[in-house]
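Residue numbers (this note's numbering), protein chains in the order written: chain B, 5 to 556; chain H, 478 to 740. The C-beta atom is built at its ideal place from N, Cα and C for all residues, glycine as well.
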Amino acid sequence: MRAIVTALQTHPHLFEVDHLGSGAQPFGVSSSLPIFGLDARWLSFSEIDRLRTSLISRGSKRGAADEIDDGESDRRSSPPLLRKTHEIYRRGEPGAEPFPLEATRAAILVVRDPRDVACSFAPFFGVDLDSAIDAIATNRTSDLANPAHCETAQPRGSWSSHTLSWLSPDVPFPVHLVRYEDLLLDAVSTLEPVFAAIGLECTREQLSDAVERARFERLQDSEARSGFRETSPSTAVFFRSGRSGGWRDELSEDQVATIEQDHHEVMGKIGYELETRPLRLTPLPDHLGLRIRIGKVPDAIDGASQPTKWVATTQTKTRVKFSAERALYVEDGRRATLQWKDDLDDVSWVVQGWAVSIATLQRGEFSLHASTIEIDNKIIVIAGQSGAGKSTTSMALRNRGHRLLVDDTTLLRFDSGVVYVAPYARNVHLLPDSAQALGLDFEELPRLAGGRTKVSFTPDEPSQDPRRIDCIVVLDPRDGCMEPTLLELHGMHRFKVLREHVARSAVSSSILGQERLFQLLTDLVDAVPVFELTRPKNEWHLDRVVSLIEGL
Amino acid sequence: MIRSADNRVRLDRDEDVWVGRFPGLGSVRVSPDGQIDVEVECEIESDDLSSAAPSPLEDIERALHFGWGEPLSLVRRGFVLAEGVALVSPGSDRCVLVHGEVHDTSILVLGLAARGWTVLADRVVPLEFGESSVEAHPRSAPFLVAKRRAETTQFVSHTVRRETNTVAVEVDRANQPHALSALVSVRIRRPNESVFEILSGHDRFDSARKTLLGGVLAPSTASPEDSLRRSLRLASMPCVALRLDTYAPGTAIDALTSWWDSP
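Here it is in structure tokens:
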């Protein structure tokens with residue numbers, strides 16, 4: 005795109021790829037020296053963003069004080085300045101808008117098939133394909149500014165979130181979507197209406213000539229002759245192949261499956277056809293730092309113990325085999341591979357539950373088999389064995405206006421004698437009677453994969469900030485119990501009860517080590533009060549249970 | 478609809494006294510004789526040490542003075558300004574101008590400083606074009622690098638503001654004008670590239686031309702012919718391109734110093 009625009013605006017004899025208008029000047033922060041005489045290295049993280057906004061406003065020639073805006077006719081009278089960005093769209097703070105409205109006429113969003121993007125990303129950044137696939141799936145939205153290098157914050161998001169941000173109806177100016185593949189097929193027909201819409205005037209002949217001069221092979225020749233300043237330090241050439249569909253020769257089946265799993269929703273919106281059938285899987289939030297790939301799980305792990313018949317594990321590598329063709333492999337607390345075939349149901353429970361809790365153990369911490377709810381700023385963890393009613397109780401509390409932070413797997417963080425929950429959005433799994441008791445239509449909710457009888461309900465996304473735990477309530481349905489009662493536990497009894505509710509308790513010692521687990525449980529017991537809430541086993545008394553918890 | 482530019486950075490040069498305003502930070506005023514006055518906009522308790530607090534008053538004053546007031550003052554005092562870092566080699570009067578991206582130049586400058594070179598001026602280098610030589614003049618503004626880069630060296634450094642990653646590094650400073658003897662263009666090396674190249678022809682002229690600052694930092698009497706003459710004067714000096722490996726810049730620096738020390 006830039007090559008075409010530069011060719012359009014440059015005399016044919018002067019067009020070299022190394023002179024491509026990057027769109028950075030006069031908008032880059034380093035231009036603050038000639039424009040304001042200001043050395044941006046002296047600025048703070050937030051001031052440098054504000055400086056950029058001033059440069060953009062000034063560069064668009066619409067930054068003069070008290071300017072009268074006459075509306076669209078005024079905007080379209082002058083040719084547009086094109087500015088290149090890799091950033092996600094966001095409104096920004098007042099005075100630090102990355103795309104100030106008074107200086108922005110429109111946007112052209114150039115997208116490329118993420119499968120080809122991964123193949124291009126890898127050599128450019130000098131990484132392998134798996135790392136490239138991980139990188140374009142990572143939703144980086146909070147990159148810090150770098151005043152020492154005169155750089156503003158440049159959050160890029162993942163391939164999907166970046167695309168969605170620009171296509172959002174919240175963007176206050178027109179956005180013209182251009183697919184790279186369409187440019188290759190017929191750049192003139194693709195760009196002619198876009199350029200007309202943004203006021204970049206040219207005849208079809210001029211555009212055709214520019215497209216010809218910016219042909220990929222010519223850019224390669226130009227780079228070979230005079231270099232290209234934007235080549236990365238990791239690669240000798242920038243213009244590698246330029247074709248579409250090259251991923252078919254470069255990516256393995258598993259890599260294609262992973263990319264399509266990561267991006268299938270947006271790929272579908274843009275019109276990219278899928279080769280695989282992505283699993284029904286709610287993505288994990290980025291802050292958990294656990295990357296999910298699709299592929300084959302290793303058959304064996306060197307030096308692994310087998311704490312249960314379906315789990316083989318070392319301290320850093322764990323394989324869980326659900327069936328002959330369904331397995332999960334978690335390594336180093338950072339990566340999980342999901343091998344799962346032929347299932348139309350929701351497999352999120354494998355990732356949100358098993359993968360997350362195992363990754364937590366591999367990182368040296370543990371989680372409780374518990375839900376966590378916020379009641380009037382108090383953080384209450386509700387633990388219990390399977391079927392004790394954790395999800396039903398927490399959903400009932402949610403129905404009373406309290407906030408569900410996480411269901412079923414509560415990740416713990418220990419810091420200087422305080423224990424925190426690390427919330428994340430996890431689907432709530434309900435049996436038919438629980439769904440009915442909560443007023444949900446069981447038949448309308450997706451069933452869990454693997455032949456399970458529960459359905460999956462997705463609550464609102466909680467805040468990601470760790471929250472200090474105020475108390476733990478252990479639900480204990482009992483025969484012979486007449487009505488729900490609440491009792492605070494003391495001494496070793498607290499330790500014993502909590503030990504039983506460590507998530508994946510069968511494998512926790514094998515991964516974490518006995519000593520570490522004991523230490524963490526001791527820290528938990530010392531830091532947090534524990535209550536036992538007994539209730540009749542065959543009769544719910546849900547309202548009474550909920551009221552007891554609210555009263556804590 | 479009236480748009481107010483009150484929250485935008487501005488530099489007004491219509492009057493005798495140039496006024497730069499950075500909303501939320503402060504302003505600088507530079508007189509025709511180069512005198513600088515700084516005014517901080519926000520009120521800060523200088524003893525508030527919380528990490529969420531803005532920088533102390535004196536840090537902001539220093540930032541406005543060195544980062545904004547001084548470059549404007551230098552151009553008002555008649556200097557021609559180059560972008561880069563001027564260094565003086567140990568045991569000689571010879572000065573070199575290093576230019577490139579700030580990330581890349583900082584690696585080279587720290588490497589040379591560790592070998593005894595002294596820093597004359599950082600980021601904005603005042604030049605005086607005499608009949609027979611071009612002199613680089615000193616600046617008192619500290620030498621700035623990214624905190625992470627400074628931590629890889631043995632030099633002492635100080636944060637310049639509370640909410641930034643820029644630090645001032647205590648390297649040896651030269652405080653007298655020196656004749657400029659060469660230009661060094663520096664960037665990160667790409668695969669299969671050589672670390673050192675003596676520039677010639679268009680590349681040499683282009684390298685020299687790009688060091689001269691324009692816009693508000695261009696000499697007030699500059700005509701296109703003056704600008705061309707100055708570019709040619711600089712291009713007449715030896716110009717080299719240095720390509721660094723970020724984590725192992727020693728090879729490139731050896732090549733530079735070897736060339737510099739050769740007769």
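Just curious, the alpha helix (DSSP H) that residue i is in, first and last residue?
i	result
B/Phe326	Counting along the chain, B/Phe326 falls outside any alpha helix (DSSP H), though it belongs to the beta strand (DSSP E) covering 321 to 327.
B/His505	Counting along the chain, B/His505 falls outside any alpha helix (DSSP H), and DSSP gives it neither H nor E.
H/Pro548	547 to 553
B/Val179	Premise fails: B/Val179 lies in the beta strand (DSSP E), 179 to 183, not in any alpha helix (DSSP H).
B/Trp163	163 to 171
B/Thr262	257 to 274
B/Cys485	Counting along the chain, B/Cys485 falls outside any alpha helix (DSSP H), and DSSP gives it neither H nor E.
B/Asp138	133 to 141
B/Gln523	518 to 531
B/Ile473	No alpha helix (DSSP H) holds B/Ile473; DSSP gives it neither H nor E.
List the endpoints of the continuous beta strand (DSSP E) containing residue i.
i	result
B/Tyr333	330 to 335
B/Ser361	Careful: B/Ser361 lies outside any beta strand (DSSP E), inside the alpha helix (DSSP H) at 360 to 366.
B/Thr489	489 to 492
B/Glu209	Per DSSP, B/Glu209 belongs to no beta strand (DSSP E); it is in the alpha helix (DSSP H), 208 to 217.
B/Ser238	Counting along the chain, B/Ser238 falls outside any beta strand (DSSP E), and DSSP gives it neither H nor E.
B/Lys382	382 to 387
H/Gly503	503 to 507
H/Val515	513 to 517
H/Ala656	655 to 665
B/Ala111	111 to 115
H/Ala563	557 to 565
H/Ser634	634 to 636
With distances taken between CB atoms, is the gap from residue i to residue j smaller than 7 Å?
i	j	result
B/Ala387	B/Leu372	yes
B/Ala304	B/Gln310	no
B/Asp480	B/Thr538	yes
H/Leu604	B/Gly41	no
B/Val334	B/Leu285	no
B/Gly337	B/Arg367	yes
B/Tyr424	B/Arg472	yes
H/Val622	H/Ser583	yes
B/Leu416	B/Ile377	no
B/Ser34	B/Cys206	no
Mind pulling the chain H residues with CB within less than 8 Å of residue i?
i	result
B/His90	Neighbours of B/His90 on chain H: none; closest Cβ ~17 Å, over 8 Å.
B/Glu51	Phe499, Gly501, Leu502
B/Gly99	Asn484, Arg485, Pro500, Gly501
B/Ser58	Arg485, Val486, Arg487
Note down, in chain order, every chain B residue with its Cβ under 9 Å from the Cβ of residue i.
i	result
H/Asn652	Ordered by position in chain B, no residue passes the 9 Å Cβ test against H/Asn652, which lies about 20 Å from the chain.
H/Glu647	Going along chain B, no residue has its Cβ under 9 Å from H/Glu647, so there is no contact; the nearest lies around 16 Å.
H/Ala725	Within chain B, no residue comes near H/Ala725; the closest Cβ sits about 12 Å away, beyond 9 Å.
H/Val601	Leu37, Gly41, Asp43
H/Glu535	In chain order: nothing, as chain B lies at least about 13 Å away.
Interface residues of chain B around residue i at Cβ under 7 Å?
i	result
H/His580	His153
H/Val637	Trp46
Among the options, which one has its Cα closest to the Cα of residue i?
i	options	result
B/Ser395	B/Thr414, B/Asn381, B/Pro118	B/Thr414
B/Leu342	B/Ser124, B/Ala261, B/Cys206, B/Ala214	B/Ala261
H/Ala563	H/Val575, H/Arg553, H/Arg571	H/Val575
B/Val324	B/Tyr424, B/Val355, B/Asp527	B/Val355
B/Ala363	B/Val114, B/Gln319, B/Arg402	B/Gln319
B/Pro488	B/Arg95, B/Pro98, B/Arg183, B/Val549	B/Val549
H/Arg686	H/Val693, H/Pro726, H/Leu705	H/Leu705
B/Glu101	B/Thr312, B/Asp132, B/Ser50, B/Asp474	B/Ser50
B/Asp380	B/Lys88, B/Gly555, B/Leu211	B/Gly555
B/Phe242	B/Pro127, B/Ala191, B/Thr156	B/Pro127
B/Asp190	B/Ser212, B/Val360, B/Arg430, B/Ala392	B/Ser212
What residues from chain B crowd round residue i, counting only those whose CB sits closer than 8 Å?
i	result
H/Pro548	Leu37, Gly41, Leu42, Asp43
H/Val622	Ala152
H/Val693	Pro38, Ile39, Phe40, Gly41
H/Phe543	Asp43, Trp46
What residues of chain H sit near residue i, judged by a beta carbon separation below 9 Å?
i	result
B/Leu55	Val486, Phe499
So which residues on chain H does residue i lean against when the C-beta distance must stay under 7 Å?
i	result
B/Leu12	By Cβ distance, chain H contributes nothing, its closest Cβ being about 24 Å from B/Leu12, past 7 Å.
Selection of the segment 154 to 185 of chain B by Cβ proximity to chain H, strictly under 7 Å = So the close ones are Cys154.
May I ask you to list, following chain order, the residues of the segment 500 to 514 of chain H that have a beta carbon less than 8 Å from some beta carbon of chain B?
-> Going along the segment 500 to 514 of chain H in chain order, one finds Pro500, Gly501, Leu502 with a Cβ nearer than 8 Å to chain B.
Could you name the residues of the segment 653 to 674 of chain H whose beta carbon sits closer than 7 Å to any beta carbon of chain B, in the order they occur along the chain?
-> Within the segment 653 to 674 of chain H, those residues whose Cβ lies closer than 7 Å to any Cβ of chain B are, in chain order, Ile665, Arg666, Arg667, Pro668, Asn669.
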